[in-house]
Amino acid sequence: MPKTSVANKIVTPPEWNKNNKAGIHWLHGFMNRHKELSLRQPESTSLSRTSSFNKTNTKTFFSNLEKLYKKHNFAPNMIWNLDETGCMTVTKPPKVIAVRGTKQVGQIASAERGTLTTVLFFYQCFRGNNSPCVYIPTKNMLKGAPIGTKGNGKPSGWMTEEIFVESLKHFVKHSCSTNRR
């Protein structure tokens, strides 16, 4: 029998004694009593991301960005965003109970499982997107990819310094960047 119910002299269903845990009927009753909760699928988030993306780091980034804008007076066609994302072939985490209306529910996940595909996207508000770079651990991967996509079959699928430099060269080639702009 669960220790909490024994300590509080609460009568529990017989299956609690047998399995030493609450069952599905208890969960349904709990959810009915707490309408502010819902069952949600958490998004896997690496530990490094959760510890790096915080108020202090975000404030520092935007402060530095503001200084650069004031110093260089960038035109809209000179501003690009590079977004690197890693897609893991990992099984989905189980659903969890969260406060109803919560937009995102996170769950710390290990980056050591599954196969990684790294994709770099270059975006510009003035012109739209540029040709992406895709790095996955296979050589035959560009079938069906957008025109101009740079692909590179690396054994790990991880971004490296060498691959990042290749990606920047690809960006310069497709963005018509020069030393002046």
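Sequential numbering of the sequence shown, starting at 1, is according to the UniProt record's numbering.
Note that CB positions come from ideal geometry on N, CA and C, so glycine has one too.
Computed from a predicted model, the values in this text were never measured in an experiment.
Inter-residue Cα distance where the pair is residue 22 and residue 9: 16 Å
Within the continuous beta strand (DSSP E) that includes residue 81, where are the two ends? 81–88
Is residue 24 helix, strand or coil by DSSP? helix
Neighbourhood of residue 158 by C-beta, 7 Å cutoff - its chain only, sequence neighbours within 5 removed: 116, 118
Assigned exposure category for residue 103 - 16 Cβ within 10 Å defines buried: exposed
For residue 1 and residue 45, I'd like the C-alpha separation in whole angstroms. Residue placement at residue 1 is poorly supported in this model, since its pLDDT is 48, which falls under 50; the coordinates are not used for a value here.
Taking the alpha carbon of residue 105 as the reference point, which residue from 48, 41, 88 has its own alpha carbon closest? 41
Do residue 95 and residue 39 have their C-beta atoms closer together than 9 Å? yes
By the 10 Å Cβ neighbour count, where 16 or more other Cβ atoms means buried, how is residue 167 classified, buried or exposed? buried
Use the C-beta contact count for residue 30: other C-beta atoms within 10 angstroms, 16 or more gives buried, fewer gives exposed. exposed
Limits of the unbroken alpha helix (DSSP H) element including residue 97: Counting along the chain, residue 97 falls outside any alpha helix (DSSP H), though it belongs to the beta strand (DSSP E) covering 96–99.
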